[in-house]
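J.: Mind looking over this structure? Questions follow.
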Amino acid sequence: MTTRRTLLGLAAGVTAAAMLAVSAPAALAQEVTLRLHQFLPAQANVPKLVLDVWADNVEEASEGRIKVERFPSMQLGGTPPELIDQAIDGIADVVWTVVGYTPGRFPSTEVFELPFMVSDARAASSAYWQMFEEHMKDGEFADVHILGTWVHGPGMIHSNKEVTSPDDMQGMRIRGATRQVNALLEQLGATPVGMPVPAVSEALSKGVIDGTTIPWEVTTALKVPELVDNHTEFEGAHLYNVTFVLAMNKDRYESLPDDLKAVIDANSGHDFSVFAGGTQSDADGPSRQIAVDLGNNIVTVSEDQVAVWRERSQPIYDAWVAEMSEKGIDGQALIDQARELMDAYDGGN
């Protein structure tokens, strides 16, 4: 005998089944939210021109199944040197960071930070990715999934007095980003002051430092042209470079379904690394123009004059190769390979 209660039960069952049928595609879609954490303001060049492009492309290619939440200026907490461990520990899903913020932890990357090593950011970023896959992926970076490896454009000096030769550096307190940059500053006679880039503006304005080493592109976000009157750039090879990584928590990556892993993979790797390094370098020009418009003094060290700077910095190569040898790493082989790969770079053709 069919009762009213039975009919109501059947109706409820049919309704529930219909709701499940409607929601099944959404469940199968397996939407994913990734938290991207980094240390610069959202309007700075790298977040705006590189990280947002990566995130937007991933969201679009996944047809909305991946959402990338962006947290600039260390909004998830911690300090810039902690970013790589935030990715390893899962505090953030993806981070962008300066490798040298953790001195000595990823020694092979320092080959691209040696003075006058790099002449082109795209060529160096290409070489960096290739050497990452060969030497670093299963070694120094085994605890994290690396999405991109790149360097910025020419590293240079921004200071409160004119610098035309290494002798002008004597006694100056200059901010350096990494261990190798600080070694270079010390070799040139300056007093290196290590600090993450977000601290530069306040340090300059309060006279804690007399100058800073950064590429042109980041000077805009830090208001450096308004804080110093002098800028020293170099023809030919760059005074120095800093290495970056875009890194993802390894378990988070492995937990993705294969089709979403494929989306991440397609938007990462070698070509993305070259894009990131090249884009960062291309942003130097507009930032330099700001200093020009302010009437600041821009010193360009000619290639002939650079020889003096090269000679003064040579001991850094010797010391680095010896130090790498103590770690069981053939530093000279890394130098030779990096140069060979950069020389062979054909612009992606």
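So that you can map any letter, position 327 of the sequence shown is 327 in this note's numbering, and since no number is skipped, the others follow by simple counting. The C-beta atom is built at its ideal place from N, Cα and C for all residues, glycine as well. Since the model is a prediction, treat every value here as computed from it, not as a measurement.
Which residue spans inside the stretch 74 to 156 form an unbroken alpha helix (DSSP H) run of at least 4?
T.: Correct list: 83 to 89, 121 to 131.
J.: Could you have a look at PRO196 and say whether DSSP puts it in helix, strand or coil?
T.: Within the sequence shown, numbered from 1, the residue matching residue 196 stands at position 196. If DSSP states are grouped into helix, strand and coil, PRO196 belongs with coil.
J.: Pull the bridge partners of SER159 from the DSSP assignment, please.
T.: Locating residue 159 in the sequence shown gives position 159, counting from the first residue. DSSP, once it has assigned bridges, lists GLY211, ASN230 as partnering SER159.
J.: Measuring CB atoms only, is the stretch 85 to 94 touching the stretch 165 to 174, in the sense that at least three cross pairs come out at less than 8 Å?
T.: The stretch 85 to 94 is not in contact with the stretch 165 to 174.
J.: Does the distance from the C-beta atom of MET195 to that of ARG179 stay below 8 Å?
T.: Sequence index remark: in the sequence shown, residue 195 carries index 195 (1-based). Sequence index remark: in the sequence shown, residue 179 carries index 179 (1-based). Not in contact: MET195 and ARG179 (Cβ atoms no closer than 8 Å).
J.: Is it buried or exposed, VAL292, if we count other Cβ atoms within 10 angstroms and call 16 or more buried?
T.: As a position in the sequence shown, residue 292 is number 292, starting the count at 1. Burial call: exposed.
J.: Determine the direct distance from the alpha carbon of GLU162 to that of ASP210, and round the result to whole angstroms.
T.: Walking along the sequence shown from the start, residue 210 turns up at place 210. Walking along the sequence shown from the start, residue 162 turns up at place 162. The alpha-carbon atoms of ASP210 and GLU162 are separated by roughly 11 Å.
J.: Pull the bridge partners of ALA283 from the DSSP assignment, please.
T.: Counted from its first residue, the sequence shown places residue 283 at position 283. Note: ALA283 sits in no beta bridge, so no partner.
J.: Can you find the residues in the same chain that come closer than 6 Å, C-beta to C-beta, to GLY277, ignoring five residues on each side of it along the sequence?
T.: As a position in the sequence shown, residue 277 is number 277, starting the count at 1. Answer for GLY277: ALA121, ARG122, SER125, TRP150, VAL151, listed in chain order.
J.: In three-state DSSP terms, what is ALA183?
T.: Residue numbering aside, residue 183 sits at position 183 when the sequence shown is read from its first letter. Reduced to three states, the DSSP call for ALA183 is helix.
J.: Does the beta-carbon of ALA26 have 16 or more other beta-carbons within 10 angstroms, so that it is buried, or is it exposed?
T.: Against the sequence shown, residue 26 aligns to sequence position 26. With a pLDDT of 41 at ALA26, under the threshold of 50, the modelled position of that residue is not reliable, and the figure given next carries that caveat. Its Cβ having fewer than 16 others within 10 Å, ALA26 is exposed.
J.: Which of helix, strand or coil does DSSP assign to LEU34?
T.: As a working note, residue 34 is residue 34 in the sequence shown. Note: LEU34 maps to strand in three-state DSSP.
J.: Does DSSP put GLU69 in a helix, in a strand, or in coil?
T.: The residue labelled residue 69 in the question sits at position 69 within the sequence shown. Residue state, collapsed to three classes: strand.
J.: Mind checking who ILE298 pairs with in its DSSP beta bridge?
T.: Here residue 298 refers to the residue found at position 298 when the sequence shown is read from its first residue. Partner(s): HIS231.
J.: Taking 6 Å as the limit between beta carbons, can you name the residues of its chain near ALA237, skipping five residues before and five after?
T.: Position 237 of the sequence shown holds residue 237. If we look at ALA237 and ignore the five residues flanking it on each side, its Cβ neighbours are PHE116, SER119.
J.: Taking the beta strand (DSSP E) that VAL245 belongs to, which residues open and close that run?
T.: Here residue 245 refers to the residue found at position 245 when the sequence shown is read from its first residue. Here the beta strand (DSSP E) through VAL245 covers 243 to 248.
J.: So, helix, strand or coil for GLY176, using DSSP?
T.: Taking the first residue of the sequence shown as position 1, residue 176 is located at position 176. Three-state DSSP puts GLY176 in a strand.
J.: Please state the DSSP three-state secondary structure of THR164.
T.: One-based indexing of the sequence shown puts residue 164 at position 164. Of the three classes helix, strand and coil, the one that applies to THR164 here is coil, per DSSP.
J.: For MET19, does the three-state DSSP call read helix, strand or coil?
T.: Along the sequence shown, one-based indexing puts residue 19 at 19. Confidence at MET19 is low in this model, with a pLDDT of 42, below 50, so the placement of that residue is unreliable and no value is reported for it.
J.: Any Cβ of chain B within less than 8 Å of the Cβ of LEU34?
T.: Among the chains in the structure shown there is no chain B, since it carries only a single protein chain.
J.: ASP213 and GLY155 look like a contact to me (Cβ under 8 Å); what is the Cβ gap, rounded to whole Å?
T.: Position 213 of the sequence shown, counted from the first residue, corresponds to residue 213. Position 155 of the sequence shown, counted from the first residue, corresponds to residue 155. Checking the sequence shown, residue 213 turns out to be Thr, not Asp. The Cβ separation is near 6 Å, so the contact holds.
J.: Roughly how many angstroms lie between the CA atoms of ALA338 and ILE329, to the nearest whole one?
T.: Along the sequence shown, one-based indexing puts residue 338 at 338. Along the sequence shown, one-based indexing puts residue 329 at 329. Cα-Cα distance, rounded: 14 Å.
J.: Taking the alpha helix (DSSP H) that LEU311 falls in, what are its first and last residues?
T.: To locate residue 311, count along the sequence shown from 1; it is residue 311. Checking the sequence shown, residue 311 turns out to be Glu, not Leu. Its alpha helix (DSSP H) spans residues 303 to 326.
J.: Per DSSP, ILE191 forms a beta bridge with which residues?
T.: Numbered from 1 along the sequence shown, position 191 holds the residue referred to as residue 191. Residue 191 is actually Thr in this sequence, not Ile. THR191 pairs with ARG173.
J.: According to the neighbour-count rule (16 or more other Cβ atoms, all chains shown, within 10 Å of its Cβ), is GLU233 buried or exposed?
T.: Numbered from its first residue, the sequence shown carries residue 233 at position 233. GLU233 comes out buried.
J.: Taking the alpha-carbon positions, what's the GLN75 to GLU63 distance?
T.: Stepping through the sequence shown from its first residue, residue 75 is reached at position 75. Stepping through the sequence shown from its first residue, residue 63 is reached at position 63. Their Cα atoms are separated by approximately 27 Å.
J.: Using the C-alpha atoms, what's the distance from MET248 back to LEU36?
T.: In the sequence shown, counting from the first residue as 1, residue 36 sits at position 36. In the sequence shown, counting from the first residue as 1, residue 248 sits at position 248. In a straight line, the C-alpha of LEU36 is about 9 Å away from that of MET248.
J.: Measuring CB to CB, does PHE39 end up less than 8 Å from GLY148?
T.: Looking up residue 39 in the sequence shown gives position 39. Looking up residue 148 in the sequence shown gives position 148. No. Outside cutoff.
J.: I'd like the span of the alpha helix (DSSP H) that includes VAL263, first residue to last.
T.: Looking up residue 263 in the sequence shown gives position 263. First-last of the alpha helix (DSSP H) with VAL263: 258 to 266.
J.: Assign GLY100 to one of two classes, buried (16 or more other C-beta atoms within 10 Å of its C-beta) or exposed (fewer than that).
T.: Translated into positions along the sequence shown, residue 100 becomes position 100. With 16 or more other Cβ atoms within 10 Å, it is buried.
J.: Cα separation between THR191 and ARG173?
T.: Within the sequence shown, numbered from 1, the residue matching residue 191 stands at position 191. Within the sequence shown, numbered from 1, the residue matching residue 173 stands at position 173. Going by the C-alpha atoms only, they are around 5 Å apart.
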